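Here the structure is laid out as structure tokens; the discussion comes afterwards.
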Amino acid sequence: MKRSILFISSVGVITGHVYAAETDSQAVTNLPTISVKAEKENSLKQEVGQASSATKGLMQLKDVPQIVNVVPKQILREQTVTSMQGALQNVAGLSFSVGDGQRDQVMIRGFSAITDNYVDGIRDDALYFRDMSNVERVEVLKGPASVLYGRGSAGGLVNKINKKPMDQSLREVSLIGSTTGQRRAEVDVNEKVAENVKVRLTGAVEDSDGYRDQAFLKRQAVAPSVQWDITDKTKLLLQADYLHDDRLADQG
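Quick note on numbering: the sequence shown equals residues -20 to -1, 1 to 232 in mature numbering (1 follows the signal peptide of the UniProt record, and there is no 0).
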């Protein structure tokens, strides 16, 4: 038995030397150099790196000591998002409940956040389906946030950041349709009317059917805003939101 083992080991050593010798005798092939070039990402995607929900001031996410997920306008546009639930489907750790079929009802980390909805950091306790035609981005702050927002659930909160007047002129019209009977039109107009005054108007009209029989949605939304730059550090922003939503309540 010892002899057999010694023989096998010797064969292995010899084979290894033969293989090494064969390898050394092969010619070396130099592969051509591959160069990869790319352009810098569009500035629209850089918004993901900033949020205001955790500190009530715009900060880099890497400097915020709490989890904040941001759904930027680039994602909202690419996915043709028209509802808050559609936007929040991009955030992990969230689930949705039907409730009575008449409102957005979100669960964050297993806790109900039905009263933890905000608009630009201001509490929005109304129970309704929010329209996305005037939304710049959606931020989800996870974990307790009572230091900044007072009472709230342990799961976190949802902060909707509205579109605001800009220096650049904008004229945009969107038409949305689907095989389930969705028919929707959106408009977004921005203009700088004076050196220090900017106005913006967003709106949406929807007359859609549902994938269930008898389901329907009739909605009109208008959101005007005006910004007056009094000084470099002082600004006055006036915003208004009007939403009419008529639908068949669907409890699933």
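Every residue gets a Cβ at the ideal spot worked out from N, C-alpha and C, and that includes glycine.
Source: prediction; values computed, not measured.
| Check | Outcome |
| --- | --- |
| Using only the alpha-carbon positions, how far apart do Ala220 and Ile47 sit? | 30 Å |
| Leaving aside the five residues before and after Ala157 along the sequence, list all residues of the same chain whose C-beta is less than 7 Å from its C-beta, in chain order. | Note that residue 157 corresponds to Gly in the displayed sequence, not to Ala. Once the five neighbours on either side are set aside, the close Cβ partners of Gly157 are Arg163. |
| Residues in its own chain within less than 7 Å of Asn70 by CB, not counting five upstream and five downstream? | Val51, Ile55 |
| Do Gln194 and Asp80 count as a contact pair if the criterion is CB distance below 8 Å? | no |
| Using the Cα positions of Lys25 and Glu116, report the straight-line distance between them to the nearest angstrom. | Reliability fails at Lys25, whose pLDDT of 48 lies under 50, so the model's placement of it is uncertain and no value is given. |
| On the criterion of 16 or more Cβ atoms from any shown chain inside 10 Å, does Leu68 qualify as buried, or is it exposed? | buried |
| On a Cα-Cα basis, can you pick out the residue from Gln148, Arg199, Ser15 that is closest to Arg180? | Gln148 |
| Starting from Ala184 and walking both ways along the beta strand (DSSP E), at which residues does that stretch end? | 177 to 189 |
| Among the candidates Thr211, Leu217, Lys213, whose CA atom is the shortest distance from the CA of Ser205? | Leu217 |
| Work out the CA separation of Ser33 and Gln40 for me, nearest whole Å. | 11 Å |
| To the nearest angstrom, how far is it from the Cα of Thr95 to the Cα of Leu74? | 15 Å |
| Mind checking Val120: buried by the 16 CB within 10 Å criterion, or exposed? | buried |
| Excluding five sequence neighbours on each side, which residues of the same chain lie with their C-beta closer than 6 Å to the C-beta of Leu155? | Ala165 |
| Could you tell me the distance, in whole angstroms, from the CA atom of Asp168 to the CA atom of Ala201? | 12 Å |
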